[in-house]
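Read left to right, the sequence shown gives residues 19 to 236 (our numbering). Read through the structure below, which is laid out as structure tokens, and then see the notes.
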Amino acid sequence: MLHHNYQLKIGDLNGRHTRTLVAHDEEEIVGFIPRIPRGEWIKELARKKVSVTDFSSANPEIEVLVGNDYEGMLMTGRIESLECGVTAIQYVWGWALSGRRPEGRYSLASRNIRLIAWMLRFVARCRRAKTGSGNLTQEELWNAEKVVTRMIQSETFGEERWKNKAHLKIKRSADGLLVVETKRAFTPRTWGDSVSHGKIEGKVLDNSVTSGHPEDCK
């Protein structure tokens with residue numbers, strides 16, 4: 019197959035940094051490269067003074083693909099690492115991002131809890147005819163988490179399932195949550211400390227009943 023060679027001059031929009039390289043044509047370079055989605059990492063880019071403008075959700079065809087034989091001479095030497103795992107590399111024409119496509123820092127469950135927290139705030143302020151703004155407080159997030167937990171418990175633990183867990187000391191807390199008492203309620207071990215639901219006296223029931231140490235639930 020016959021290829022045509024071209025001499026290209028690549029640089030930034032201001033024309034301050036330019037490089038000349040030789041390229042040859044290809045009918046198809048590569049399928050597409052996914053764009054970086056908008057997210058909280060945009061603020062981190064701004065703090066590091068990394069300017070990225072290509073946030074389009076579309077994936078246009080690749081016009082120029084730079085190989086490793088030219089990449090080194092096109093880099094300025096500045097590299098920034100983001101908390102989400104993406105690496106920002108500055109080239110003579112601007113910044114490029116590499117690494118795994120970032121996802122939101124919140125899990126699906128966490129996003130649902132935050133959504134319910136915003137809804138609860140909206141309803142509460144409508145009832146009080148109040149307006150305002152600001153980030154969600156820890157109390158608002160905890161209240162939303164309790165609402166979600168109560169919904170899960172009501173669907174998961176029916177009367178029949180309660181009978182199967184008669185050997186456990188299950189009670190309903192002041193918050194309306196189902197908790198299980200254990201003999202190690204006030205001397206928790208490391209196991210279970212990472213459980214997000216529940217308080218010190220017992221872990222809230224979720225899809226399974228856990229509290230304290232696995233040996234306590236045998």
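Even for Gly, the Cβ is constructed at its ideal location relative to N, Cα and C.
#### Entry: CA-to-CA distance, Lys187 to Arg139, given in whole angstroms
When rounded, the distance between both Cα atoms is 34 angstroms.
#### Entry: Three-state secondary structure assigned by DSSP to Asn23
Assigned with DSSP and collapsed to three states, Asn23 falls in strand.
### Query
Mind checking whether Val70 and Trp113 have CB atoms under 7 angstroms apart?
Yes, the Cβ-Cβ distance between Val70 and Trp113 is below 7 angstroms.
### Task
If I'm right that Arg168 touches Leu133 with Cβ under 8 angstroms, what's the distance once you round it to whole angstroms?
A Cβ-Cβ distance of about 16 angstroms is found for the pair Arg168 and Leu133, leaving them out of contact under the 8 angstroms criterion.
### Message
So, for Gly29: in the same chain, excluding its five sequence neighbours on each side, which residues have a beta-carbon less than 8 angstroms away from its beta-carbon?
### Response
Same-chain partners within the cutoff: His35, Thr36, Arg37, Val110 and Trp111.
### Task
Alpha carbon to alpha carbon, how far is Leu92 from Leu83? Give it in angstroms, no decimals.
Between Leu83 and Leu92, the C-alpha separation is close to 13 angstroms.
### CA-to-CA distance, Val165 to Ile97, given in whole angstroms
For the pair Ile97 and Val165, the Cα-to-Cα distance works out to about 44 angstroms.
### Task
Tell me whether Trp111 sits in a helix, a strand or coil according to DSSP, three-state version.
Note: Trp111 maps to coil in three-state DSSP.
### Task
Could you pull out every residue in the same chain whose Cβ sits closer than 8 angstroms to the Cβ of Leu159, ignoring the five residues on either side in sequence?
A distance below 8 angstroms between beta-carbons, with the five flanking residues on each side excluded, links Leu159 to the following residues of its chain, in chain order: Ile131, Arg132 and Ala135.
### Query
When we look at the beta-carbon of Ala64 and count the other beta-carbons within 10 Å, is it buried (16 or more) or exposed?
Exposed.
### Query
Which of helix, strand or coil does DSSP assign to Glu89?
The answer is helix: DSSP assigns Glu89 an H, G or I state.
### Query
Considering only residues of the segment 135 to 160, which uninterrupted beta strand (DSSP E) runs meet the minimum length of 3 residues and lie entirely inside it, listed in chain order?
Entirely contained in the segment 135 to 160, not one beta strand (DSSP E) run reaches 3 residues.
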